[in-house]
Each structure stands twice: as structure tokens, then as C-alpha cells.
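Sequential numbering from 3 applies to the sequence shown in our numbering.
Ideal Cβ positions, reconstructed from N, Cα and C, are used throughout, including at glycine.
Quick caveat: nothing in here was measured; it's all calculated off a predicted structure.
I have placed the structure first, in the form of C-alpha cells, so that the comments after it can refer back to it.
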Amino acid sequence: MQIETVYLHEGRKDVTLTAYIAHVSSELPASGKRPAILILPGGGYLNCSDREAEPIALRFAAMGYQAFILRYSVYFEGASDWGAMDGEPVPKDVSLFPNSLREVGQAILMMRARAAEWHLDADRLAVCGFSAGAHNAAMYGVNWHREVITDYFKVDQELLRPNALILGYGLYDSVNESTERSNPMDRKMMGFKNVALTGTAEPSDEVKHTLSPCLHVTKETPPAYLWCTAEDTLVPSQQSLRLALALANAGVPYELHVFEKGMHGLSLADQATSMSQKQILPDTAKWIEMVESWLLQRFALDIPEKSFLDLMLEEAAAKQ
């Protein structure tokens, strides 16, 4: 596997696109041109979680896809910044909307520009996000053809189109979001998230509407796979239900799974990504297997009916 990291902004090392590219092999006829998955880790727009980055990329790579991780602009500058949660957040220009949204478009344009080099199918590109990354992915899914993206890049609109969305436990409706959270840390987290993304802990109704992807779904929104858990207190399952309803009303193909057990931020819900035993949930961990089945309906690899070995054996048998 070839692993390459590209910096998206000159003079900055915090925003990166990391590619996980399978080597081309004569034994793997589909390896010359594979569909691609662009992964957006979560972290409340405060950081980009390692738990929702490389482990996810490796799982998609094992399915046969070219995998990419976008570490987009966030509020904190490093892991040590989590200590700032004890104080009051101060707005920072770097993480304000629409910076991280446009970085998704920047990553997609780079992937398509280097499609031949990275052996990817430019017409089959999915964006996969978790938590804040799922919000960012959903926002891109409903805005890729709107002025916030098209006027910024000024390229052929089709080059910006995502072909599918994979969304895990994201917040999709800020207008109707419940602000009553019993956990003080949950309330603190959402306040910091708001400052990181909007510059204020209490954004206006207009801003909330803008940042609610479920209110902007159209027929141009790509097919989506959504999953969440019923026990999530930070981002309740109603958020995914509202987005699913919006997709249904717009006639956009979608699949939704609400698993009974699990807290927010489960990633793969297995030992590879868990910080504690309570995050290891075999039933919830099945979401990644379900995604693989869902992707096979759209992103199946171009595998021939017969391999070169099959043909050789048939030819040898015919000569006997």
C-alpha cells in the first residue's frame, strides 16, 4: 500500500489529505481503477479524531477501495488544547464556517485531478463522516452545487459532485436541536462546537438554518447511508431520523440504521477504536459490514467473470 500525505494550504500543516492507495497487481484486475472513500473524522470541529481516521481508512481499503482521510480546519491546535475546555472559548477564524466545508471540495478536486496517479474511479467517490465530520459531509452533500462551493472554486460543477454519503451519528438539524442536555460536559462540548464553527455559543436562527443540512436536501443530494445509536445523548438519534425523512421526501435513495446500544463517538465499535470496554459493542459494530453491502450496490469493483488463471486452465483442459 502506498501512503501519501498532501498539505492543502501553503504554509500550514494542520489541514491534510492522506491517501491509502492499493498497489496495482496483475492478480487483482480491479486494482487499476478503484472507487474512493473520503473520510472526515469527527471531534466537534475542535479536533480531528484519530479513532475515526486511519482505522476507518484501513477497513475501507480492505474492502477494495482507495481510502483518503481529510483532516480539515478545526479549533484546537493539538491534543493538549483539550485543557481549554475548562475556560470560555474565544472565536478563531481558522475553524469558522465555511472553511472546513470548502476543504472537502478542495480534497475532492485533488482526488479527481490525480485520479490516474492514485488509481481511482473519479465517477465513484463517496464522502464518509463521523459526528462533526458527518455534519461536514452532509453539509457538502447538500451544498456541492450551491454558490458557497461553486463560486469559490469556479470549476465545472460536476467535478465537485460526491457520488455517495456515509454518515455516522451526525448533527443535521440545528434549528430543532434540543439544547437541554443533562450532562454538563455535553453542554460544554456543544458550546465550544458552536464557537468553533460560528464564532458564538448562541448562533442566530438564520445561522442555525444554514448549518442544518436536513433543511437543504434536494434531488441533487447523493444517496446516503446513515447510522446512529438510540443511547447517544450528545447527538440524539432524532437527528439521523430527520435527515432520513428529508432524503425520503426528496426522493433520494438512503439507508438508515439505529442501533439500540452505544454512546456517541463509537467509530468501529470494536477493540481497534475503543477507549474503554463500553465502546466495544459487537452488534453496533456491524454497521461497517452493512456499509460494505450498501456500497456493493453502487461501488462494486470491476472484476471479470473469469480470471487469467481460469482461462489458462480452460485452455489446457481443451487441449487434452
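Distance, residue j Cα to residue i Cα
| i | j | result |
| --- | --- | --- |
| P37 | W120 | 11 Å |
| N49 | D16 | 10 Å |
| L315 | E294 | 32 Å |
| I282 | K94 | 35 Å |
| T235 | E262 | 13 Å |
| E90 | D158 | 42 Å |
| D188 | V197 | 14 Å |
| E179 | S27 | 49 Å |
| T20 | D153 | 26 Å |
| L243 | I58 | 24 Å |
| F296 | L247 | Just to set this straight, residue 296 is Trp in the shown sequence, not Phe. Using only the alpha carbons, I get a separation of about 19 Å. |
| V237 | N138 | 15 Å |
| K321 | Q299 | 39 Å |
| H147 | V129 | 15 Å |
| K35 | P100 | 32 Å |
| E307 | H25 | 22 Å |
| M192 | S309 | 53 Å |
Nonlocal neighbours in the same chain, by C-beta distance under 7 Å from residue i, ignoring five residues either side
| i | result |
| --- | --- |
| P55 | With the sequence shown as reference, residue 55 is identified as Ala, and Pro is not the correct amino acid for it. Counting only Cβ-Cβ distances below 7 Å, and skipping sequence neighbours, we find I41, P43 and I71. |
| M87 | K190 and F194 |
| I151 | R104, G107, N145 and L162 |
| G253 | K221 |
| N185 | T235 |
| T275 | R53, P57 and S269 |
Distance CB(residue i)-CB(residue j) smaller than 8 Å
| i | j | result |
| --- | --- | --- |
| I39 | A69 | yes |
| S133 | Y171 | yes |
| L303 | G13 | no |
| V219 | L249 | yes |
| S75 | S51 | no |
| M292 | K280 | no |
| L199 | Y47 | yes |
Beta-carbon proximity list for residue i, same chain, < 6 Å, skipping 5 on both sides
| i | result |
| --- | --- |
| P215 | A140, M141, V144 and Y174 |
| S239 | C230, A232 and V260 |
| Q4 | I23 |
| A136 | L169, G170 and G172 |
| L245 | Y174 and C216 |
| R7 | For the sequence presented, residue 7 should be read as Thr rather than Arg. So the qualifying residues of the chain are T18 and T20. |
| T202 | none |
Chain-order list of residues whose beta-carbon lies under 8 Å from that of residue i (same chain, five-residue window excluded)
| i | result |
| --- | --- |
| H211 | S176, V177 and L217 |
| M277 | R53 |
| K11 | What sits at residue 11 in the sequence shown is His, not Lys. Contacts found: V17. |
8 Å contact criterion, which residue i and residue j should meet: CB distance rounded
| i | j | result |
| --- | --- | --- |
| D127 | M113 | First, the residue type needs correcting, since residue 127 is Leu and not Asp in the sequence shown. Indeed, because the Cβ distance is near 6 Å, the residues count as touching under 8 Å. |
| A32 | I305 | 5 Å |
For the stretch 223 to 232 against the stretch 161 to 175, do three or more pairs of beta-carbon atoms, one drawn from each stretch, fall closer than 8 Å, so that the two count as touching? Touching, yes.
With a threshold of 8 Å, are at least 3 pairs of Cβ atoms found where one atom belongs to the stretch 286 to 305 and the other to the stretch 256 to 272? With the cut-off at 8 Å, the stretch 286 to 305 and the stretch 256 to 272 touch.
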